[in-house]
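Comments concern the structure below.
In full-length UniProt numbering, the protein residues as written are 1 to 451.
Structure (structure tokens):
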């Protein structure tokens, strides 16, 4: 049996499974978690500890058709300025609850398009953030950069504010593919943005690229990857495009008959992966690549790799607080998500309360299963010794759970006294294997192709 036929038999090309950036996944959040839980969980952060902070800017000058993020278009700065005032007010609410001495491990501005903020707004927002919670030693401040929506004045403002990592969305450099996804962005414009970031001393550059796009072929993705490599990114996320027009209505603009078949998607991924590895990048988890000197690669080698709503991370802060409409926070006690609509979020903040609309408080085996899934996604193995020590579970119980995966996936997993591991040939199935340890209703959770 060929490798592809074995993957076919196990359902890789038909399955739709979660990306597991959280456990339980966001579709399982409910309204039992509210503003009081969010406030209480902030208060339980230990004094003098470190946290991560995510600020969501939901505005875009243009709405790319492929994107499934919560965004809204605007041609005016007026709603953006009003929204920044709301973010500042939300930061002050956070300040009132945050224990003394807390500092930042990571600060990330995402969206949407945070670089559509005018320079004065960038400076004002950064000042407010650091008034509330200062950067800790070795902290990272990263911003998602749209090369079509950036200029010298805004780059200067971000650099002066302390941005030291930038993330550039690429998707694909082929003009025909760009037109089919509503994202015109030339290589020249992208290179100019990367050069200007480096010229301002930005020490770390991330890039996102997609496989599985309409009209994408192995030759086309190889060309895009080689162009991207010429920019020298420190780390790359190679995400699979998820065509979910029932969730992201703008995706109806993308004709489904132009999308590659599932088997071809795997070949597109493998083509790109082989180029990154050949160029000296370490393969990180299921879809990231990093230079050996990058923090993500170091964390992977040292067993410190983690996974959160931004994907893979080397951040070990126990709390990630999300501010802005639709943002999700993660605490040791559970998840909390802000009101998804800008209007509902704004109303709550202006009334002096957090906008938490739903979430999930950890119970039962949530933390155990979350760690098992995260370990698989990060390290392709589950360490029984760690789980027995951290969660008090017996070896017999663990072996029973492992047996479920072994029965379903055969030699695509290995089980022994040390735990469960996924060998190289089984790694395309990682998300499906992780699903075995998901105790929630899977009909609610899977929205993206398994490859």
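Virtual Cβ for every residue (Gly too), placed ideally from N, Cα, C.
Taking DSSP's pairing of strands, which residues face residue i in a bridge?
{"i": "residue 381", "result": "421"}
{"i": "residue 414", "result": "421"}
{"i": "residue 347", "result": "Looking at the DSSP assignment, residue 347 forms no beta bridge with any residue, so it has no partner."}
{"i": "residue 283", "result": "289"}
{"i": "residue 109", "result": "55, 143"}
{"i": "residue 356", "result": "338"}
{"i": "residue 135", "result": "104"}
{"i": "residue 168", "result": "145, 207"}
{"i": "residue 239", "result": "210"}
{"i": "residue 440", "result": "Partner(s): none; residue 440 has no beta bridge."}
{"i": "residue 331", "result": "334"}
{"i": "residue 92", "result": "The partner list for residue 92 (beta bridge, DSSP) is empty, contrary to what the question assumes."}
What residues in its chain sit with their C-beta under 7 Å from that of residue i, if we drop five residues either side in the sequence?
{"i": "residue 409", "result": "10, 426, 429, 433"}
{"i": "residue 442", "result": "435"}
{"i": "residue 406", "result": "413, 415"}
{"i": "residue 193", "result": "145, 147, 150, 168"}
{"i": "residue 417", "result": "none"}
{"i": "residue 180", "result": "214, 215, 254, 258"}
{"i": "residue 380", "result": "421, 422, 427, 430"}
So, for residue i: in the same chain, excluding its five sequence neighbours on each side, which residues have a beta-carbon less than 6 Å away from its beta-carbon?
{"i": "residue 182", "result": "64, 65"}
{"i": "residue 332", "result": "318"}
{"i": "residue 300", "result": "284"}
{"i": "residue 163", "result": "141, 143"}
{"i": "residue 187", "result": "173, 227"}
{"i": "residue 276", "result": "289"}
{"i": "residue 245", "result": "251, 252"}
{"i": "residue 282", "result": "290, 292, 297"}
{"i": "residue 294", "result": "234, 235"}
{"i": "residue 159", "result": "200"}
{"i": "residue 15", "result": "432, 450"}
{"i": "residue 322", "result": "54, 328, 329"}
When you compare the CB positions of residue i and residue j, do they come within less than 8 Å of one another, or not?
{"i": "residue 265", "j": "residue 17", "result": "no"}
{"i": "residue 378", "j": "residue 320", "result": "no"}
{"i": "residue 259", "j": "residue 243", "result": "yes"}
{"i": "residue 155", "j": "residue 191", "result": "no"}
{"i": "residue 262", "j": "residue 38", "result": "no"}
{"i": "residue 303", "j": "residue 291", "result": "no"}
{"i": "residue 129", "j": "residue 91", "result": "yes"}
{"i": "residue 121", "j": "residue 84", "result": "yes"}
{"i": "residue 349", "j": "residue 89", "result": "yes"}
{"i": "residue 387", "j": "residue 404", "result": "no"}
{"i": "residue 123", "j": "residue 448", "result": "no"}
{"i": "residue 53", "j": "residue 98", "result": "no"}
{"i": "residue 384", "j": "residue 366", "result": "no"}
{"i": "residue 29", "j": "residue 337", "result": "yes"}
{"i": "residue 454", "j": "residue 218", "result": "Residue 454 lies beyond the stretch modelled for the chain, which goes from 1 to 451, so this question has no answer here."}
{"i": "residue 393", "j": "residue 368", "result": "yes"}
Taking the alpha carbon of residue i as the reference point, which residue from the options has its own alpha carbon closest?
{"i": "residue 126", "options": "179, 141, 116", "result": "141"}
{"i": "residue 325", "options": "381, 355, 175, 22", "result": "355"}
{"i": "residue 316", "options": "51, 40, 21", "result": "51"}
{"i": "residue 298", "options": "387, 255, 314", "result": "314"}
{"i": "residue 74", "options": "149, 403, 242", "result": "149"}
{"i": "residue 339", "options": "357, 273, 329", "result": "357"}
{"i": "residue 229", "options": "180, 273, 157", "result": "273"}
{"i": "residue 359", "options": "3, 33, 8", "result": "33"}
{"i": "residue 147", "options": "95, 60, 138, 129", "result": "60"}
{"i": "residue 288", "options": "235, 279, 330", "result": "235"}
{"i": "residue 145", "options": "160, 116, 153, 124", "result": "116"}
{"i": "residue 343", "options": "15, 43, 277, 87", "result": "87"}
{"i": "residue 437", "options": "93, 42, 376, 237", "result": "376"}
{"i": "residue 95", "options": "49, 105, 42, 412", "result": "42"}
{"i": "residue 135", "options": "3, 48, 187, 175", "result": "48"}
{"i": "residue 362", "options": "390, 330, 119, 45", "result": "330"}
{"i": "residue 101", "options": "373, 119, 411, 133", "result": "133"}
{"i": "residue 402", "options": "3, 382, 138", "result": "382"}
{"i": "residue 373", "options": "307, 196, 221", "result": "307"}
{"i": "residue 238", "options": "257, 286, 278, 219", "result": "286"}
{"i": "residue 184", "options": "62, 371, 370", "result": "62"}
Looking only at its chain, what residues have a beta carbon closer than 8 Å to the beta carbon of residue i, apart from the 5 residues adjacent to it on each side?
{"i": "residue 223", "result": "173, 174"}
{"i": "residue 240", "result": "210, 211, 212, 265, 269, 287, 448, 449, 451"}
Taking 8 Å as the CB-CB limit, is residue i close to chain C?
{"i": "residue 94", "result": "The question asks about chain C, but that chain is absent: this structure has only one protein chain."}
With three or more C-beta pairs closer than 8 Å as the rule, is the segment 59-69 touching the segment 107-115? yes
Counting Cβ pairs, one atom from each stretch, are 3 or more of them under 8 Å apart for the segment 412-421 and the segment 211-218? Output reads no: the segment 211-218 does not touch the segment 412-421.
Three CB pairs or more closer than 8 Å across the segment 156-173 and the segment 197-212: yes
Between the segment 247-254 and the segment 185-205, are three or more C-beta pairs nearer than 8 Å? No, the segment 247-254 is not in contact with the segment 185-205.
Check whether the segment 11-30 and the segment 74-89 are in contact - that is, three or more C-beta pairs closer than 8 Å. no
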